[in-house]
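The sequence shown runs 2 to 349 under the numbering used here. Where a beta carbon is used, it is the ideal one built from N, C-alpha and C, also for glycine.
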Amino acid sequence: KDLGLPVRPGELMMLAGARELANEFAKGFSKGRPSHEDDPIGWFRYCTKALELMLTTTQYKIGLMIWTCIRQLSDGNPVGSVLPMRSAIEHYAVAVYLGDRLERAWDEVVKGSSSGKIPVDRLLKLEEQVARFLAGTKGTEEEATKWKEEWSQLGLDRAINLRSATETGLANDVLGFLYDFGSRVIHGERARGVELCPPTHEVYCRANLSRALLGLDLLVSIEYMPNTLRNGVAVLRKLQALARALAKPGANQTKILRTIAMARDKLIQGKHFTGSGTMDNPFVFAEGLEYYFAFYKLCEQLSLDTAQRTLVHSPSGRFFDAVPDKSGRLFYFAVPMEQFGSHQEGEV
2 KDLGLPVRPG
12 ELMMLAGARE
22 LANEFAKGFS
32 KGRPSHEDDP
42 IGWFRYCTKA
52 LELMLTTTQY
62 KIGLMIWTCI
72 RQLSDGNPVG
82 SVLPMRSAIE
92 HYAVAVYLGD
102 RLERAWDEVV
112 KGSSSGKIPV
122 DRLLKLEEQV
132 ARFLAGTKGT
142 EEEATKWKEE
152 WSQLGLDRAI
162 NLRSATETGL
172 ANDVLGFLYD
182 FGSRVIHGER
192 ARGVELCPPT
202 HEVYCRANLS
212 RALLGLDLLV
222 SIEYMPNTLR
232 NGVAVLRKLQ
242 ALARALAKPG
252 ANQTKILRTI
262 AMARDKLIQG
272 KHFTGSGTMD
282 NPFVFAEGLE
292 YYFAFYKLCE
302 QLSLDTAQRT
312 LVHSPSGRFF
322 DAVPDKSGRL
332 FYFAVPMEQF
342 GSHQEGEV
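As structure tokens, this is what we get:
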């Protein structure tokens with residue numbers, strides 16, 4: 002049936018990207034999950050790639066449900082529009098819930114890094130959050146993956162408590178009320194035959210379509226959409242920066258981990274960054290520090306106006322973030338090349 006909106010190329014590209022990432026994950030770790038005892042660096046990379054896969058699939062699923070809802074609204078379907086709206090809200094709630102838990106787990110990893118060694122016990126907790134999302138669903142018929150089997154053997158694939166996730170992610174929120182209504186439709190408590198038949202069907206159908214439209218409007222709004230994967234992506238970028246630094250030949254693991262741990266409170270020149278902030282001598286952050294985390298932290302310390310930040314391409318071919326202070330003086334930050342898409346490993 003023509004629902005008025007053909008499949009968008011973006012949807013197909015997102016699906017292809019998620020599948021490609023899943024294949025890269027499987028091929029990159031063909032021998033399975035590296036031992037956190039024998040190969041901690043490899044295991045660290047494994048956790049990072051798994052988190053990237055989790056965020057990519059979440060982004061695809063939410064986008065898919067949003068456009069399914071749009072198509073059902075276009076068709077005027079009072080039941081078909083509510084179901085994908087509920088599914089999109091549920092994925093949103095789970096993403097926010099896991100993002101918060103990942104952020105807390107990362108904070109524990111940072112605290113544990115002060116010893117100069119990879120805090121295995123704390124990273125295991127972070128890995129568990131990712132495993133619960135990628136492997137926690139039970140009783141399905143899809144092809145079993147190697148990582149799912151291994152996480153199951155390790156007992157890391159406990160199912161996500163959807164009640165806790167939705168109550169936490171949708172607390173005191175309009176989306177929570179819409180989600181509850183969608184649940185009642187699924188369980189046959191609403192949108193029953195008596196409600197969809199004359200003489201009340203026109204009013205009821207309009208009410209259902211209005212609910213679906215409201216849920217859709219909120220999910221794609223500027224207040225909600227950026228919040229969906231914000232914490233998860235922030236943790237991923239920090240993990241990627243740390244994984245790159247630790248994987249370099251001759252990397253001083255102890256120094257890198259202690260640098261990360263000390264950056265929690267304040268960035269110190271000589272330890273966390275070098276340079277004076279001029280174009281000839283820009284600020285450069287220490288290896289292992291995620292660029293945007295360090296960038297905004299240092300800007301706050303120096304009272305720089307990040308709202309006026311501009312990207313500058315110097316005659317030498319380097320890129321800088323230029324940010325003014327209150328007097329208008331510009332400070333320059335050297336932007337690492339991995340921040341650009343063609344150089345970034347696993348951009349979400």
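Inter-residue Cα distance where the pair is serine 304 and alanine 323: By 1-based counting over the sequence shown, the position of residue 304 is 303. By 1-based counting over the sequence shown, the position of residue 323 is 322. When only Cα atoms are considered, serine 304 and alanine 323 end up about 14 Å apart.
Proline 291 vs alanine 242 beta-carbon contact at 8 Å: To locate residue 291, count along the sequence shown from 1; it is residue 290. To locate residue 242, count along the sequence shown from 1; it is residue 241. According to the sequence displayed, residue 291 carries glutamate and not proline. Against a cut-off of 8 Å, the Cβ pair of alanine 242 and glutamate 291 comes out as a contact.
To the nearest angstrom, how far is it from the Cα of glutamate 288 to the Cα of alanine 136? Looking up residue 288 in the sequence shown gives position 287. Looking up residue 136 in the sequence shown gives position 135. Roughly 33 Å separates the two Cα atoms.
Rounded separation between glutamate 348 and lysine 267 - CA only: Here residue 348 corresponds to residue number 347 of the sequence shown, with the count starting at 1. Here residue 267 corresponds to residue number 266 of the sequence shown, with the count starting at 1. For glutamate 348, the predicted structure reports a pLDDT of 41, less than 50, and the residue's modelled location is therefore unreliable. The matter cannot be settled from this model.
Using the three-state DSSP reduction, which class does leucine 299 fall into: helix, strand or coil? Counting from 1 along the sequence shown, the entry for residue 299 is found at position 298. Note: leucine 299 maps to helix in three-state DSSP.
Among Phe30, Gly177, Gln254 and Val285, nearest to isoleucine 269 - alpha-carbon criterion: As a working mapping, residue 269 is identified with position 268 in the sequence shown. Ranking the options by Cα distance to isoleucine 269, first place goes to Val285.
For my contact list, glycine 216 and leucine 179 are in at a C-beta cut-off of 8 Å; report their separation, rounded to the angstrom. Here residue 216 refers to the residue found at position 215 of the sequence shown. Here residue 179 refers to the residue found at position 178 of the sequence shown. The pair is a contact, with the Cβ atoms about 4 Å apart (cut-off 8 Å).
Please determine, among Ala295, Ile261 and Leu74, the residue with the shortest C-alpha to C-alpha distance to arginine 207. By 1-based counting over the sequence shown, the position of residue 207 is 206. With distances taken between Cα atoms, arginine 207 lies closest to Leu74.
Look up threonine 49 in the DSSP assignment and give the residues it is bridged to. Looking up residue 49 in the sequence shown gives position 48. In the DSSP output, where bridge partners are listed per residue, threonine 49 has none listed.
Taking all protein chains shown into account, do 16 or more other C-beta atoms lie within 10 angstroms of the C-beta of aspartate 158, making it buried, or fewer, making it exposed? As a first step, residue 158 is located in the sequence shown; it is residue number 157 there, counting from the start. Note on aspartate 158: 16 or more other CB atoms within 10 angstroms of its CB, so buried under the neighbour-count rule.
Less than 8 Å between the CB atoms is what I'm expecting for leucine 99 and leucine 127, so what's the real figure, rounded? Indexing the sequence shown from 1 puts residue 99 at position 98. Indexing the sequence shown from 1 puts residue 127 at position 126. Not a contact, Cβ separation roughly 11 Å.
Going by alpha carbons, who is nearest to threonine 49 out of Asp281, Pro337, Ala94 and Leu22? Here residue 49 is taken as the residue at index 48 of the sequence shown, counted from 1. It is Leu22.
Cβ atoms of leucine 258 and lysine 118: under 8 Å apart, would you say? Sequence index remark: in the sequence shown, residue 118 carries index 117 (1-based). Sequence index remark: in the sequence shown, residue 258 carries index 257 (1-based). Yes; because the gap between Cβ atoms is below 8 Å, this pair is in contact.
Check this for me: beta carbons of leucine 210 and proline 85, under 8 Å apart or not? Residue mapping note: residue 210 aligns to position 209 of the sequence shown, counting from 1. Residue mapping note: residue 85 aligns to position 84 of the sequence shown, counting from 1. No, the Cβ-Cβ distance between leucine 210 and proline 85 is not below 8 Å.
Determine which residues share a DSSP beta bridge with histidine 92 and list them. As a working note, residue 92 is residue 91 in the sequence shown. For histidine 92, which the question treats as bridged, DSSP gives no partner whatsoever.
8 Å Cβ cutoff met for alanine 244 and phenylalanine 45: For the purposes of this step, residue 244 is identified with residue 243 of the sequence shown, where counting begins at 1. For the purposes of this step, residue 45 is identified with residue 44 of the sequence shown, where counting begins at 1. The answer is yes: Cβ separation under 8 Å.
Could you tell me which whole alpha helix (DSSP H) segments of length 4 or greater appear in the region 159 to 190? 163 to 170 and 175 to 187
Let me confirm a value: threonine 311 is counted as buried when at least 16 other C-beta atoms fall within 10 Å, else exposed. Which label applies? Numbered from 1 along the sequence shown, position 310 holds the residue referred to as residue 311. Under this definition threonine 311 is an exposed residue.
So, with DSSP's three-state summary, where would you put phenylalanine 332? Position 331 of the sequence shown, counting from 1, holds the residue named residue 332. Correct three-state label for phenylalanine 332: strand.
With burial defined as no fewer than 16 other Cβ atoms inside 10 Å of the residue's Cβ, what is the status of glutamine 60: buried or exposed? Locating residue 60 in the sequence shown gives position 59, where the first residue counts as 1. Per the 10 Å Cβ criterion, buried.
Secondary structure of alanine 323, DSSP reduced to three states: Within the sequence shown, the letter at position 322 stands for residue 323. Looking at alanine 323 - three-state DSSP - the assignment turns out to be strand.
Just to confirm the assignment, what range does the beta strand (DSSP E) spanning threonine 260 have? Within the sequence shown, residue 260 is the residue found at index 259, counting from 1. Here threonine 260 belongs to no beta strand (DSSP E); instead the alpha helix (DSSP H) covers 254 to 263.
Using DSSP bridges, identify the partner residues of leucine 312. Start at 1 with the first residue of the sequence shown, and residue 312 comes out as number 311. According to DSSP, leucine 312 bridges with Asp322.
Whole angstroms are fine: how far does the CA of alanine 160 sit from the CA of serine 116? For the purposes of this step, residue 116 is identified with residue 115 of the sequence shown, where counting begins at 1. For the purposes of this step, residue 160 is identified with residue 159 of the sequence shown, where counting begins at 1. Each residue's alpha carbon lies about 33 Å from the other.
Run of the alpha helix (DSSP H) containing proline 10, from where it starts to where it stops: Taking the sequence shown and counting its residues from 1, one reaches residue 10 at position 9. Per DSSP, the continuous alpha helix (DSSP H) segment holding proline 10 begins and ends at 10 to 29.
Taking DSSP as the reference, what is the three-state secondary structure of threonine 275? On the sequence shown, residue 275 is found 274 positions in, with the first residue counted as 1. Strand, per DSSP.
Assuming glycine 11 and alanine 96 are in contact, meaning their beta carbons sit under 8 Å apart, how far apart are those beta carbons, in whole angstroms? Counting from 1 along the sequence shown, the entry for residue 11 is found at position 10. Counting from 1 along the sequence shown, the entry for residue 96 is found at position 95. Glycine 11 to alanine 96, Cβ: 19 Å. No contact.
Proximity winner among Leu331, Ala295 and Ser88, relative to aspartate 281 (alpha-carbon distances): Within the sequence shown, the letter at position 280 stands for residue 281. Of the candidates Leu331, Ala295 and Ser88, the one whose C-alpha sits nearest the C-alpha of aspartate 281 is Leu331.
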